[in-house]
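Anchor point for the sequence shown: position 235 equals 236 in the numbering used here, and the numbering is continuous, going up by one each time. What follows is one structure encoded as structure tokens, with my remarks underneath.
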Amino acid sequence: MPDVVVIGGGVVGLTIAYELAQSGAQVSVLDRTEFGREASWAGAGMIPPGASAHAPQSLQSLSIAARARWPQLSAELRELTGVDNEFTECGSLLFPATENWEEEITEWSGVPNTVITDDAVTLKELAPTLSPKHGTALHLPTAAQVRNPPHLRALTAACEKLGVVVLPHREATGFRQAGSQVTEVETSEGNVAADCFVVAAGAWSTDLLKSTGVELDVEPVRGQIRMFKCEQQPFIPLLEVGPRYLVPRADGRVLAGSTEEWVGFEKHTTPKGMEELHKFAIDLVPCLAEATVELTWSGLRPYSRRGFPHVGRAPNLENLLIATGHFRAGLSLSPATALEVRRMVLEPETGPTYPDLLPESNSPSNH
């Protein structure tokens, strides 16, 4: 079995480490900060039933495989660690975000869905606290959610139980190569050698890979979230309008997100962002005006300018794999991403399952 170093202790990196360790590989994971404290922790835990029908076929296939894996992965982690990530198939209601509602509907033609048109009564049955002015929506019954913090705790604990070496506060700064092989990753506390290396460092992946000559198009995009606390859960399904959403937790908390801001690595929240999210939440569910605002935060999501993630072997480097650029879908796509990386590590002679997602050495100029 190979000795593997995973760079990045977010949900993608930890899930990769978990799947590799389950298969008997010797795995180390290192991260520049605490594990799971960047985009993985900051996300709302939404798991769509698939990808847009307009997405590349490989991304659609990856999304379907990821959604199928979630129930079993959650059960495995709960059995191994005792930590419940609260995976729930809660469904989702998508409301018109533009004047092109028919086009929005066709995006989800490949998954179970029901179109609800001018029917506030039916919507009230699905989400009793929804504002009555919203009467048209697309219902996706197989959408789901998990709670990010316990899921990350479960992954970290599972990795440790399986013998994964966890190295927080150990920043990777570059790589050493010999021909088409990476021999070591350079870190803030010395070099680490391995048979295989996986870069899953989110928005920090682009800079890290520069020493190898690989040019990624991945950059940080800030997303802000506002969390309300209600006395009880005010509705069950996810509520979505374009990039904005409300995610209800069983304990009465409701997450309102999210902004999309190209501000580099600036991670603080802003009054403007919070005001926009507050107005959005109350417009959709008016009773949130009476709820307590318990917490606000932001995260930096790894956005790929080509519009879909990089998953696969690095160009011209036989033992370096890349898994980043998932943008808003890092958590939801992590199970299938991890299975693909595991397969490519353990079966290097086989071709990619998702060829559209392979990294390219000149991604910025090609897209």
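Don't be surprised by glycine CBs; every beta carbon is placed ideally from N, CA and C.
Residues in its own chain within less than 6 Å of residue i by CB, not counting five upstream and five downstream?
i      : result
Thr260 : Gly224, Gln225 and Gly274
Trp293 : Looking at the sequence provided, one finds Thr at residue 293 rather than Trp. Closer than 6 Å at Cβ, skipping near neighbours: Lys230.
Pro349 : none
Gly352 : none
Leu332 : Val12 and Gly44
Gly175 : Glu187 and Ser212
What is the DSSP secondary structure of residue i, reduced to helix, strand or coil?
i      : result
Pro151 : helix
Phe198 : strand
Pro365 : Note on Pro365: pLDDT 35, under 50, position unreliable in the model; no value is reported.
Lys280 : helix
Gln234 : coil
Val112 : coil
Met228 : strand
Phe328 : helix
Thr137 : coil
Pro356 : helix
Met345 : helix
Glu127 : Strictly speaking, residue 127 in this sequence is Leu, with Glu absent from that position. If DSSP states are grouped into helix, strand and coil, Leu127 belongs with the helices.
Glu241 : strand
Thr157 : helix
Ser93  : strand
Met2   : coil
Pro49  : coil
Leu318 : coil
Pro310 : coil
Pro249 : strand
Gly191 : strand
Leu370 : Shown here, the chain extends from 2 to 368; a query on residue 370 therefore has no answer.
Could you check how far apart the C-beta atoms of residue i and residue j are, in whole angstroms? I think they sit under 8 Å.
i      : j      : result
Pro360 : His311 : 4 Å
His135 : Phe96  : 6 Å
Val5   : Cys160 : Going by Cβ atoms, the distance from Val5 to Cys160 rounds to 12 Å, so no, they are not a contact pair.
Ala155 : Val84  : 4 Å
Val165 : Val28  : 5 Å
Here's a check: name, in chain order, each residue in its chain whose Cβ is nearer than 7 Å to the Cβ of residue i, leaving out the five neighbours to either side.
i      : result
Ala337 : Leu63, Ala66, Ala67 and Arg70
Tyr355 : Ser59, Ser62, Leu63, Val312 and Glu341
Glu35  : Pro169
Pro57  : Phe309 and Asp357
His55  : Glu108
Val112 : Pro50, Gly51, Leu141 and Thr143
What are the start and end residues of the alpha helix (DSSP H) that includes residue i?
i      : result
Ser62  : Gln58 to Thr82
Asp208 : Ser206 to Leu210
Glu295 : Per DSSP, Glu295 belongs to no alpha helix (DSSP H); it is in the beta strand (DSSP E), Thr293 to Ser305.
Gly14  : Val12 to Gln23
Ala370 : The structure shown does not extend to residue 370, since the chain is modelled only from 2 to 368, so the question has no answer here.
Glu104 : Trp102 to Thr107
At which residues does the beta strand (DSSP E) containing residue i begin and terminate?
i      : result
Asp32  : Counting along the chain, Asp32 falls outside any beta strand (DSSP E), and DSSP gives it neither H nor E.
Gly218 : The amino acid at residue 218 is misidentified as Gly; the sequence shows Asp. Taken as a continuous stretch (DSSP letters only), Asp218 belongs to no beta strand (DSSP E), as it is neither H nor E.
Glu185 : Gln182 to Thr188
Thr270 : Per DSSP, Thr270 belongs to no beta strand (DSSP E) and is neither H nor E.
Thr174 : Ala173 to Ala179
Gly258 : Arg254 to Gly258
Leu168 : Val166 to Leu168
Just to confirm my understanding: we take residue i, look at its own chain, exclude 5 residues before and 5 after, and list those with CB closer than 8 Å. What are they?
i      : result
Asp119 : Gly136 and Thr137
Ala282 : Arg227, Phe229, Leu247, Val255, Ala257 and Leu289
Thr297 : Gln225, Ile226, Arg227, Met228, Thr270 and Met275
Using a Cβ-Cβ distance under 8 Å, would residue i count as near chain C?
i     : result
Cys91 : No chain C is present in this structure, which holds just one protein chain.
Segment contact, 8 Å Cβ cut-off, at least three pairs: the stretch 198 to 212 with the stretch 238 to 251: no
Touch test, the stretch 260 to 270 against the stretch 7 to 26, Cβ-Cβ under 8 Å, three pairs minimum: no
The stretch 284 to 298 touching the stretch 121 to 133, judged by at least three CB pairs closer than 8 Å: yes
At least 3 beta-carbon pairs within less than 8 Å: the stretch 173 to 187 vs the stretch 38 to 49: no
Inter-stretch contact (C-beta, 8 Å, three-pair minimum) for the stretch 139 to 154 and the stretch 81 to 91: yes
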